[in-house]
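Going by this note's numbering, the first residue of the sequence shown is number 401, and it counts up by one from there.
Only one structure is covered here, and it is reproduced in the block below.
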Amino acid sequence: MSAPLQEHDESGDAPGSGERRRFILDDTGFNEVPVKYRKFYRKWRGAGDALAPNEVACPVCKVVIRSTRELRPGDRVYCMPYMSRLVVVRGESGMLEARVAY
């Protein structure tokens, strides 16, 4: 999992004013992408797995895409194993999901 680096940005404003939390990513051993990008991906671990605020799952290949910053609806991410651009949206369950960008 990724650990929060700090609660809010360096600007010192209140946390609710639009800043995103930052996260330190560790290498997860994901071997389907080059070594340089392995910290940005991990495998979905099944039914007991939960996504962090900086993670979203690819709807096609079920790989978890990780970011150094908190993800919000409208953000764009790239799934390197699927080679596709995705858009982060809020799903029916209220959780963040990724959809293929057209």
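Glycine residues also receive a C-beta, built at the ideal position from the N, C-alpha and C atoms.
Between THR428 and LYS436, how many whole angstroms is the CB-CB distance? I'm expecting something under 8 angstroms.
Sequence index remark: in the sequence shown, residue 428 carries index 28 (1-based). Sequence index remark: in the sequence shown, residue 436 carries index 36 (1-based). Between LYS436 and THR428 the Cβ distance is about 14 angstroms, and since that is not below 8 angstroms, they are no contact.
Going straight from the alpha carbon of GLU505 to that of VAL433, what length do you get?
The structure shown does not extend to residue 505, since the chain is modelled only from 401 to 502, so the question has no answer here.
Does ILE465 pass the burial test, meaning 16 or more other C-beta atoms within 10 Å, or should it be called exposed?
Counted from its first residue, the sequence shown places residue 465 at position 65. Burial is judged here by how many other beta carbons sit within 10 angstroms of a residue's own beta carbon; ILE465 has at least 16 and is buried.
Distance between VAL488 and GLU470 (C-alpha atoms, nearest Å):
As a working mapping, residue 470 is identified with position 70 in the sequence shown. As a working mapping, residue 488 is identified with position 88 in the sequence shown. Between GLU470 and VAL488, the C-alpha separation is close to 11 angstroms.
Is it right to say TYR502 is buried, meaning 16 or more other beta carbons lie within 10 angstroms of its own, or is it exposed?
Here the question's residue 502 lines up with position 102 in the sequence shown. Exposure of TYR502 is indicated by the presence of fewer than 16 other C-beta atoms within 10 angstroms of its C-beta.
Hey, TYR347 and VAL460: beta-carbon distance below 7 angstroms or not?
Residue numbering for the chain in the displayed model covers 401 to 502; residue 347 lies beyond these limits and cannot be assessed.
Let's test the definition: count the other Cβ atoms within 10 Å of the Cβ of MET483 and tell me whether it reaches 16, buried, or not, exposed.
In the sequence shown, residue 483 corresponds to position 83, counting from 1. The residue is exposed, with fewer than 16 neighbouring Cβ atoms inside 10 Å.
Apply the 10 Å Cβ neighbour rule to ALA447 and answer buried if 16 or more other Cβ atoms are within range, or exposed otherwise.
Your numbering for residue 447 matches position 47 in the sequence shown. With fewer than 16 other Cβ atoms within 10 Å, it is exposed.
CB-CB under 8 angstroms to ARG476, same chain, minus the five flanking residues each way: which ones, in chain order?
On the sequence shown, position 76 is the one that residue 476 refers to. Take ARG476, set aside five residues on each side of it, and the residues of its chain with a beta-carbon closer than 8 angstroms to its own are ARG485, LEU486, VAL487, VAL488 and ALA501, in chain order.
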